[in-house]
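Protein chains in written order, with our numbering: chain A, 5 to 278; chain B, 5 to 278; chain C, 5 to 278. The beta-carbon is built from N, C-alpha and C at its ideal position, and this holds for glycine as well. The next block holds one structure in the form of structure tokens; read it before the comments.
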């Protein structure tokens, strides 16, 4: 199943419109190219609507949001909805400031969001208005473990039911859920937290997977999460072998996405229906 | 001839002012340093004029243009013109939105532009107001091939005549033309389309070549286009050898520009006067 | 002494708020992760105060400053002062434009700045209002040499006395001074000037060192400057061995920070009290 999702991205080569932060925007563009899609970025309110119209999906990432990009997100989002393009929302830092929490909540409220991808603290801040986020990283007490996995899955399903979005809640164990089903994914590695942008890149790639797999959004998100996790493991092995560091890891991670085969994804993906 | 252009860049070490998109801005800075120039970025209208005054060339790139950077481009452009600094215009995504098409057209109209560097669809959008661009990539039907090369050269010469700018229209075959002469360049590789920023980097580097070769803008643009193509080939060979991906390719591409010798450029450049 | 500073960063893992330029922001984020800290970026005036409140230090870098980010710097700065978080000021391009010179001077005037990190021309522009900066690089006539080192140290101490900030003035020889003491650091290499962001990365890392070593700001800055210099040397050796270029150097530089041990820092740091 996952390998079909990947092949569909390579075949459709969807153009993805990103309104995203300037910290990891280059990585997001390169990961989209690596997975077989194409990126375009446009965040002026007067540019965003037309640009989104020529694309197949919209990736809204609120890291470094500002007074100019928030209306661009809203206008692009409404146009994407009118054109039935899937929208991915990445609520970077929701819970860390009221501007972020409120903007993410408004976007989720005003737009039909196909999928939300964030860490557990960000998703909780969105779902509960709680604010325990430590900057852009998940709070320790929020981490999904084997012990609280069933609870986390129930929470993700409930949030998916309320919003109509697939929920991809990533961390040491990832949970990918719609209203009815939740998957746990056990791919990935700690080194993904030692580069900036692992989450942002996953969000951009997930938007491409959603664009190329319109009928199966849950499986599309699951495939993207597994693909990123598998590539993280490949990159970690190569980085350790070279006794290198996080900058080399970032290069290997994007390279691994570029070289990922459907067979490799199928063989190495470790997910289960909860 | 080309090797002199490169040596002049290394010798003059021109400072290039870039008002450019935030997706590939880091790559643009590093490619300028790699080729022997120095970058500076300043895009606030109140900062751009003074900064351009201490530079030797201005690179205007409209990717991620916005309401703040458009007036900065205009003010910096007028100052650069007054100081007789060459201006390079990169009409990223012209044809994909009216804001981009109109802004590029206005800049071309209001300023004396020394060179325009874009893909065929972007240049066509500028020349004809046509809008067939697929985001930031050239539309398939626009591609320059051996069959339509003479026609593409005539188009580029005519556009150069009308605008007074050297036209560098890049793709599988590149065309570099002024009002009287057109060159075809057959360097480069497909992998340059699998990273973000190959075009933006070429534009930044071309601005440096224009700054260091004031009397020969056509040859300066030709040399920059050949240099980038040759370095793309070197980087592709290294990337394939390492069985790596697009992130490694980007690193090798910038490295190749850093290490490019005049002899290597002379030997590997494949261009012809049409 | 230096090794304790480094260990404290790894142990405290401080969250550093950066309001910085979009050219090198990704490198700043990755170097912070490499040294053991965590980055967050937020530059909208309505976001910056709350974000800085959840952090332990604030890094203000005026490269690509604009009408939106200047008030964000002021508001974040005032909040950081109120919370007694150390603020690092990097006056990128001070002396090259009045907006930059004036903004840096205002921030230094209005806020309590724990440390200023810049090249000699930038620091001179701040101290004297002189404007001999060549873009973002130090002017040749400003360079610190063995001949004028005592004079440079006296200048740095005097500027530190006037501002209350530790002054880290970097170049071929670095000078790190407070009102009473000045150190010379002889680590580093010329290749650090062939990538964009070596200075910005050092500033971000210095903010992390300040956060984790609150009682010893001079030693914290000295340790960060030595660490970056040592890592530059390691990266240069690896780059030359591979016959690579500046893009590879950047990767190795961040990797070296990631892998730097307290022992290696102690052994390779070359500094002296002047």
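If you follow the beta strand (DSSP E) that residue 221/C is in, where does it begin and where does it stop?
Residue mapping note: residue 221/C aligns to position 217 of the third chain, counting from 1. For residue 221/C, no beta strand (DSSP E) run applies; the uninterrupted alpha helix (DSSP H) run containing it begins and ends at 221-245, by DSSP.
Whole-number beta carbon distance between residue 214/A and residue 119/A, since they are thought to touch under 8 Å
Translated into the one-based positions of the first chain, residue 119/A becomes position 115. Translated into the one-based positions of the first chain, residue 214/A becomes position 210. The Cβ separation is near 6 Å, so the contact holds.
On the criterion of 16 or more Cβ atoms from any shown chain inside 10 Å, does residue 161/A qualify as buried, or is it exposed?
To locate residue 161/A, count along the first chain from 1; it is residue 157. Residue 161/A comes out buried.
Apply the 10 Å Cβ neighbour rule to residue 133/A and answer buried if 16 or more other Cβ atoms are within range, or exposed otherwise.
Translated into positions along the first chain, residue 133/A becomes position 129. Counting the other Cβ atoms within 10 Å of the Cβ of residue 133/A gives fewer than 16, which makes it exposed.
Nearest neighbour of residue 146/A, chosen from 167/A, 99/A and 186/A [CA to CA]
Taking the first chain and counting its residues from 1, the one referred to as residue 146/A is at position 142. Answer by Cα proximity: 99/A.
Would you call residue 184/B buried or exposed, if buried means 16 or more other Cβ atoms sit within 10 Å of its Cβ?
Start at 1 with the first residue of the second chain, and residue 184/B comes out as number 180. Result: exposed.
Shorter than 7 Å from the beta carbon of residue 96/A to some beta carbon of chain B?
Taking the first residue of the first chain as position 1, residue 96/A is located at position 92. Chain B contact via Cβ: absent.
Since residue 117/A contacts residue 68/A with CB under 8 Å, what's their CB separation in whole angstroms?
The count along the first chain starts at 1 and reaches residue 117/A at position 113. The count along the first chain starts at 1 and reaches residue 68/A at position 64. Incorrect: roughly 20 Å between the Cβ atoms, too far for contact.
Assuming the contact rule is C-beta atoms closer than 8 Å, residue 6/B and residue 212/B should be a hit. Round their C-beta distance to whole Å, please.
Residue mapping note: residue 6/B aligns to position 2 of the second chain, counting from 1. Residue mapping note: residue 212/B aligns to position 208 of the second chain, counting from 1. About 14 Å separates the two Cβ atoms, so there is no contact after all.
Would you verify that the beta carbon of residue 142/C is, or is not, closer than 7 Å to some beta carbon of chain A?
Counting from one through the third chain, the residue named residue 142/C turns up at place 138. No, because no Cβ of chain A sits closer than 7 Å to the Cβ of residue 142/C.
Taking Cβ positions only, does residue 248/A come closer than 7 Å to chain C?
Reading the first chain from its first residue, position 244 is the one you call residue 248/A. Yes - at least one Cβ of chain C is within 7 Å of the one on residue 248/A.
Touch test, the stretch 149-158 of chain B against the stretch 189-198 of chain B, Cβ-Cβ under 8 Å, three pairs minimum
With contact defined as three or more Cβ pairs closer than 8 Å, the stretch 149-158 of chain B and the stretch 189-198 of chain B are not in contact.
Please report the straight-line C-alpha distance between residue 173/B and residue 152/C, rounded to a whole angstrom.
Translated into positions along the second chain, residue 173/B becomes position 169. Translated into positions along the third chain, residue 152/C becomes position 148. Each residue's alpha carbon lies about 51 Å from the other.
Would you tell me roughly how many angstroms separate the C-alpha atoms of residue 122/A and residue 42/A, rounded to the nearest one?
Taking the first chain and counting its residues from 1, the one referred to as residue 122/A is at position 118. Taking the first chain and counting its residues from 1, the one referred to as residue 42/A is at position 38. Between residue 122/A and residue 42/A, the C-alpha separation is close to 22 Å.
Determine the chain B residues that contact residue 26/C at a beta-carbon separation under 7 Å, and present them in chain order.
In the third chain, the residue the question calls residue 26/C occupies position 22. Close to residue 26/C, with beta-carbon spacing below 7 Å, are these residues of chain B in chain order: 26 and 29.
What does a CB cutoff of less than 7 Å around residue 57/A pick up in its chain, not counting 5 residues either side in sequence?
Residue 57/A sits at position 53 when you count from the first residue of the first chain. For residue 57/A, the CB contacts under 7 Å within the same chain, skipping 5 residues up- and downstream, are 83 and 87 in chain order.
Can you name, in chain order, every residue of its own chain whose Cβ lies under 7 Å from the Cβ of residue 235/B, other than the five neighbours on each side?
For this step, residue 235/B is matched to residue 231 along the second chain. Within the same chain, residue 235/B has close Cβ partners 257, 260, 261 and 264.
Residues bridged to residue 121/A (per DSSP):
Along the first chain, one-based indexing puts residue 121/A at 117. As computed with DSSP, residue 121/A is found in a beta bridge with 172/A.
Beta-carbon neighbours of residue 72/B, restricted to chain C and to distances below 9 Å
Your numbering for residue 72/B matches position 68 in the second chain. Going along chain C in sequence order, the residues near residue 72/B (Cβ under 9 Å) are 70, 71 and 72.
If you draw a straight line from the alpha carbon of residue 238/C to that of residue 202/B, how long is it in whole angstroms?
Within the third chain, residue 238/C is the residue found at index 234, counting from 1. Within the second chain, residue 202/B is the residue found at index 198, counting from 1. Approximately 29 Å, taken between the alpha carbons.
Supposed close pair residue 23/C, residue 47/C - CB separation, criterion 8 Å:
By one-based count along the third chain, residue 23/C stands at place 19. By one-based count along the third chain, residue 47/C stands at place 43. With 8 Å as the limit, residue 23/C and residue 47/C qualify as a contact, their Cβ atoms being about 5 Å apart.
What's the C-alpha gap between residue 206/A and residue 165/A?
Reading the first chain from its first residue, position 202 is the one you call residue 206/A. Reading the first chain from its first residue, position 161 is the one you call residue 165/A. Cα to Cα, residue 206/A sits roughly 22 Å from residue 165/A.
So residue 106/A is in the alpha helix (DSSP H); what residue range does that whole segment cover?
Within the first chain, residue 106/A is the residue found at index 102, counting from 1. Taken as a continuous stretch (DSSP letters only), the alpha helix (DSSP H) holding residue 106/A covers 102-114.
At the level of alpha carbons, what is the spacing between residue 321/A and residue 177/A?
Any property of residue 321/A remains undetermined from this structure, which presents chain A solely from 5 to 278.
Less than 7 Å between C-beta atoms, sequence neighbours within five positions excluded: which residues of the same chain meet that for residue 242/C?
The residue you call residue 242/C lines up with position 238 of the third chain. Excluding the 5 residues flanking it on each side, residue 242/C has same chain C-beta neighbours closer than 7 Å at 256, in chain order.
So what does DSSP say about residue 62/B, is it helix, strand or coil?
In the second chain, counting from the first residue as 1, residue 62/B sits at position 58. Correct three-state label for residue 62/B: strand.
Own chain, CB closer than 6 Å to residue 127/B, minus 5 neighbours either side, in chain order:
For the purposes of this step, residue 127/B is taken as the residue at position 123 of the second chain. Cβ neighbours of residue 127/B beyond the five flanking positions: 173.
Please tell me whether residue 252/C has its Cβ less than 7 Å away from any Cβ of chain B.
Taking the third chain and counting its residues from 1, one reaches residue 252/C at position 248. Proximity of residue 252/C to chain B, defined by a Cβ-Cβ separation below 7 Å, is satisfied.
Are there 16 or more other CB atoms within 10 angstroms of the CB of residue 19/C, so buried, or fewer, so exposed?
Within the third chain, numbered from 1, the residue matching residue 19/C stands at position 15. Counting Cβ neighbours within 10 Å, residue 19/C comes out buried, since at least 16 surround it.
In chain order, what residues of the same chain lie with their CB nearer than 6 Å to the CB of residue 250/C, ignoring the 5 residues before and after it?
Locating residue 250/C in the third chain gives position 246, where the first residue counts as 1. Counting only Cβ-Cβ distances below 6 Å, and skipping sequence neighbours, we find 198 and 199.
Can you give the Cα-Cα distance for residue 73/A and residue 71/B, rounded to whole angstroms?
Position 69 of the first chain, counted from the first residue, corresponds to residue 73/A. Position 67 of the second chain, counted from the first residue, corresponds to residue 71/B. Rounded to whole angstroms, residue 73/A to residue 71/B spans 11 Å at the Cα level.
If you drop the 5 nearest sequence neighbours on each side, which residues of the same chain put their C-beta closer than 8 Å to that of residue 103/C?
The residue you call residue 103/C lines up with position 99 of the third chain. In chain order, 69 place their CB closer than 8 Å to the CB of residue 103/C, counting only its own chain and leaving out the 5 sequence neighbours on each side.
Shortest alpha-carbon distance to residue 208/B belongs to which of 12/B, 15/B and 28/B?
In the second chain, counting from the first residue as 1, residue 208/B sits at position 204. Here the closest residue by C-alpha is 28/B.
What are the residues in the stretch 196-228 of chain C lying within 9 Å of chain A by C-beta distance?
Of all residues in the stretch 196-228 of chain C, none has a Cβ within less than 9 Å of some Cβ in chain A.
Return helix, strand or coil for residue 93/A, following the three-state DSSP convention.
Stepping through the first chain from its first residue, residue 93/A is reached at position 89. DSSP places residue 93/A in the strand class (E or B) of the three-state scheme.
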